[in-house]
């Protein structure tokens, strides 16, 4: 898919800023991002912010966050989670978001990967969650449905989320990084696929895009660990969000794709140092996964908003008593709709 | 995985012969196959068979088939299905089988793909059907489990089937080939993944390997179309077999992998000519897929043999009245066990 078929009117690039100097980051991305509107959300903990010139950019700060969610909820948008405020204030159809330690990747042929074209292509072509296609996404150029694929399922369903991947530093957790410090992801796998219905997955927020009109109501930083830091392996907000999104997509018959486009990810933080911390997230997953795998939404839940409310009620009932982070997550999921309604409070 | 770690005592290469001259095919594969035992099954319709010299090979003919299944069942092993007789008579742990119109593929780096090493590596490392790993098979060299993957699921389950892929002529059905005669598969996707539990898939017999001890009782040519021919797009036996195998693997907590290793596939037959035929298989899939998607095996089914009997009973009950091919399939599934017991009737 060529870049020209992507309208800049339908895309917001959202960047969470938790480094004070984004100039080199923005320069690296200039060939790909320059014609799109950038939403940059400043981590409330960050003092200064330096940006490159020549972009169509709007920066949102702590003051904006307070206007929308009030001063008591500002911690929801600290660290990696600040980007979710950008998702909240966007009014475009598609949102693309990458971590600020990523630079453009190259294909096996040495071509620069255009993540905007790649994500938008994934989102604009149907997803096929109800039968696995062995040649991956049949809607990618050069592929198709293989022999035996039921014709009645070939029109697919709308794709709601496109989860991109990472070259160089992959998205491993702290124990894996610490045990295998030299493990780099060097394999460029030239494929994207629909994650089958009912299969759960660890959605990463490092390089992601979604259709805000379809699932914007679900993409939020509901579950945050108390000691959550500023390196990816300590975060859990995207993993939790991904489980909710996947359950909602399965229920609403929407698709989730995973694979290309890639970004190049650079080192950040010391994995060995992170070993001193508690891995609360690792422990939580053992409780969280069986919950989501058995969660059934009711036929009355016909919109993403309905689904979020049902998931929140189930989280509160079935997980709420075991850990305060779960009751906190349920609360945020209930409040998110009202945050969305408040976004007009920000000066345009 | 290097070839040296594969013992030739545990592998049979099974080739169905429905061309009278396999010499060039065998020469192409000599670097990879020469140290393994080859089981070549001659299509009963084939008169002559010419082979390359210097292989450890045993050829099975119509006379052998009659000894094991009787003269009335010989049609079960005609055309592509003759290879299943090789699966029946093998006593090795692993079986690898490819179509006789395939030659070795090359990787993106130009290296020859060793399909034996690739398949055995897939089969000897665990599969992970209960949670999707976004970096594909975490047991492949250079990969691992990504952040958020539950630790309790990281040991995986035994892998029962490895479904390889095809470069050049892909495994499309007749309508797709006829509509897009120039559509070739040129994309070498350097990945293999576990197809998630509960997701159905179109298993192709072109390039496949399996653990005979785990699922040998399930891999059979149960469903054969009346007008089934000698080109892949007219066959259905592998697709049906794949659906049964997947349901059985899901029930027994075994894994099915799909992806590398690739073979290079050459043109065979005229897609346009095939348009004159009825596509009975295409129509059957619309009935077959909902059946398998809703099929539940009982907790009493604890072996592959048990599972096959339960699937056969359900096929007979729920599909048997709609089409004679289904009652025929159920019958073969019931008889397969006795065929297996008869294999001692062949002279060693």
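Chains as they are written, first to last, in this note's numbering: chain A, 1 to 348; chain B, 1001 to 1348.
Yeah, the Cβ is synthetic: ideal placement off N, Cα and C, and Gly gets one too.
Three-state secondary structure (DSSP) of residue i
{"i": "residue 1190 of chain B", "result": "coil"}
{"i": "residue 1016 of chain B", "result": "strand"}
{"i": "residue 259 of chain A", "result": "strand"}
{"i": "residue 325 of chain A", "result": "helix"}
{"i": "residue 1056 of chain B", "result": "strand"}
{"i": "residue 1336 of chain B", "result": "helix"}
{"i": "residue 997 of chain B", "result": "In the structure displayed, chain B extends from 1001 to 1348; residue 997 of chain B sits before or after that span and is not available."}
{"i": "residue 1296 of chain B", "result": "coil"}
{"i": "residue 246 of chain A", "result": "helix"}
{"i": "residue 29 of chain A", "result": "helix"}
{"i": "residue 154 of chain A", "result": "coil"}
{"i": "residue 2 of chain A", "result": "For residue 2 of chain A, the pLDDT reaches just 43, beneath the cut-off of 50, and the residue's location in the model is therefore unreliable, leaving the point undetermined."}
{"i": "residue 289 of chain A", "result": "helix"}
{"i": "residue 279 of chain A", "result": "coil"}
{"i": "residue 64 of chain A", "result": "helix"}
{"i": "residue 1350 of chain B", "result": "With chain B represented from 1001 up to 1348, any question about residue 1350 of chain B goes unanswered, as that position is not in the structure."}
{"i": "residue 265 of chain A", "result": "strand"}
{"i": "residue 141 of chain A", "result": "coil"}
{"i": "residue 1301 of chain B", "result": "coil"}
{"i": "residue 50 of chain A", "result": "strand"}
{"i": "residue 1008 of chain B", "result": "helix"}
{"i": "residue 238 of chain A", "result": "helix"}
CA nearest to the CA of residue i, picked from the options
{"i": "residue 1270 of chain B", "options": "B/1180, B/1307, B/1130, B/1138", "result": "B/1180"}
{"i": "residue 220 of chain A", "options": "A/210, A/213, A/232, A/237", "result": "A/237"}
{"i": "residue 1061 of chain B", "options": "B/1054, B/1262, B/1053, B/1044", "result": "B/1044"}
{"i": "residue 1334 of chain B", "options": "B/1175, B/1311, B/1318", "result": "B/1311"}
{"i": "residue 1155 of chain B", "options": "B/1243, B/1005, B/1163, B/1139", "result": "B/1139"}
{"i": "residue 340 of chain A", "options": "A/69, A/38, A/11, A/79", "result": "A/69"}
{"i": "residue 1241 of chain B", "options": "B/1224, B/1130, B/1252, B/1257", "result": "B/1224"}
{"i": "residue 172 of chain A", "options": "B/1085, B/1228, B/1149, B/1320", "result": "B/1149"}
{"i": "residue 239 of chain A", "options": "A/195, A/130, A/230, A/284", "result": "A/284"}
{"i": "residue 85 of chain A", "options": "A/58, A/109, A/233, A/104", "result": "A/58"}
{"i": "residue 193 of chain A", "options": "B/1134, B/1038, B/1308", "result": "B/1134"}
{"i": "residue 1230 of chain B", "options": "B/1006, B/1012, B/1017", "result": "B/1017"}
{"i": "residue 13 of chain A", "options": "A/244, A/144, A/92, A/131", "result": "A/92"}
{"i": "residue 1076 of chain B", "options": "B/1343, B/1331, B/1347", "result": "B/1331"}
{"i": "residue 1129 of chain B", "options": "B/1246, B/1326, B/1262, B/1190", "result": "B/1246"}
{"i": "residue 1126 of chain B", "options": "B/1190, B/1302, B/1053, B/1160", "result": "B/1160"}
{"i": "residue 110 of chain A", "options": "A/235, A/9, A/190, A/67", "result": "A/190"}
{"i": "residue 1146 of chain B", "options": "A/23, A/321, A/15, A/184", "result": "A/184"}
For residue i, the first and last residue of its enclosing beta strand (DSSP E)
{"i": "residue 1042 of chain B", "result": "1037 to 1042"}
{"i": "residue 104 of chain A", "result": "102 to 104"}
{"i": "residue 1160 of chain B", "result": "1159 to 1168"}
{"i": "residue 98 of chain A", "result": "94 to 98"}
Neighbour list for residue i in chain B, Cβ cutoff strictly below 8 Å
{"i": "residue 351 of chain A", "result": "Summary: the structure shown does not reach residue 351 of chain A, with chain A confined to residues 1 through 348, and so no result is reported for it."}
{"i": "residue 204 of chain A", "result": "1134, 1146, 1147, 1148"}
{"i": "residue 199 of chain A", "result": "1131, 1132, 1196, 1197, 1198, 1199"}
{"i": "residue 183 of chain A", "result": "1142, 1144"}
Contacts of residue i in chain A (Cβ-Cβ under 8 Å)
{"i": "residue 1186 of chain B", "result": "142"}
{"i": "residue 1237 of chain B", "result": "Neighbours of residue 1237 of chain B on chain A: none; closest Cβ ~11 Å, over 8 Å."}
{"i": "residue 1286 of chain B", "result": "150, 151, 152"}
Delimiting residues of the alpha helix (DSSP H) encompassing residue i
{"i": "residue 1210 of chain B", "result": "No alpha helix (DSSP H) contains residue 1210 of chain B, which is instead part of the beta strand (DSSP E) from 1207 to 1211."}
{"i": "residue 117 of chain A", "result": "115 to 124"}
{"i": "residue 1201 of chain B", "result": "No alpha helix (DSSP H) holds residue 1201 of chain B; DSSP gives it neither H nor E."}
{"i": "residue 1183 of chain B", "result": "No alpha helix (DSSP H) holds residue 1183 of chain B; DSSP gives it neither H nor E."}
{"i": "residue 1112 of chain B", "result": "No alpha helix (DSSP H) holds residue 1112 of chain B; DSSP gives it neither H nor E."}
{"i": "residue 1307 of chain B", "result": "1304 to 1318"}
{"i": "residue 274 of chain A", "result": "271 to 274"}
{"i": "residue 85 of chain A", "result": "82 to 89"}
Under 9 Å by beta carbon: chain A residues contacting residue i
{"i": "residue 1126 of chain B", "result": "Under the 9 Å cutoff, chain A gives no residues; its nearest Cβ is about 16 Å from residue 1126 of chain B."}
{"i": "residue 1289 of chain B", "result": "130, 131, 150, 152, 153"}
Contacts that residue i makes with chain B (C-beta to C-beta distance below 9 Å)
{"i": "residue 89 of chain A", "result": "Near residue 89 of chain A there are no residues of chain B at all, since even the closest Cβ is about 27 Å away, more than 9 Å."}
> What residues in the region 1161 to 1181 of chain B bring their beta carbon closer than 8 Å to a beta carbon of chain A?
Replying inline: 1163, 1165, 1170, 1171, 1172, 1173, 1176, 1180
>> What are the residues in the region 1260 to 1284 of chain B lying within 7 Å of chain A by C-beta distance?
In response: 1282
> Name the residues in the region 1035 to 1066 of chain B whose C-beta lies less than 9 Å from a C-beta of chain A; which are they?
Replying inline: none
> Taking any Cβ of chain B, which residues in the region 88 to 111 of chain A have a Cβ under 7 Å from it, in chain order?
Replying inline: 108
> Just by C-beta distance, which residues in the region 239 to 259 of chain A are closer than 7 Å to chain B?
Replying inline: 239, 258
> Using a Cβ cut-off of 9 Å, which residues of the region 1208 to 1238 of chain B contact any Cβ in chain A, in chain order?
Replying inline: 1232, 1233, 1235, 1236, 1238
>> By the 7 Å beta-carbon criterion, what residues does the region 1290 to 1310 of chain B contribute toward chain A?
In response: none
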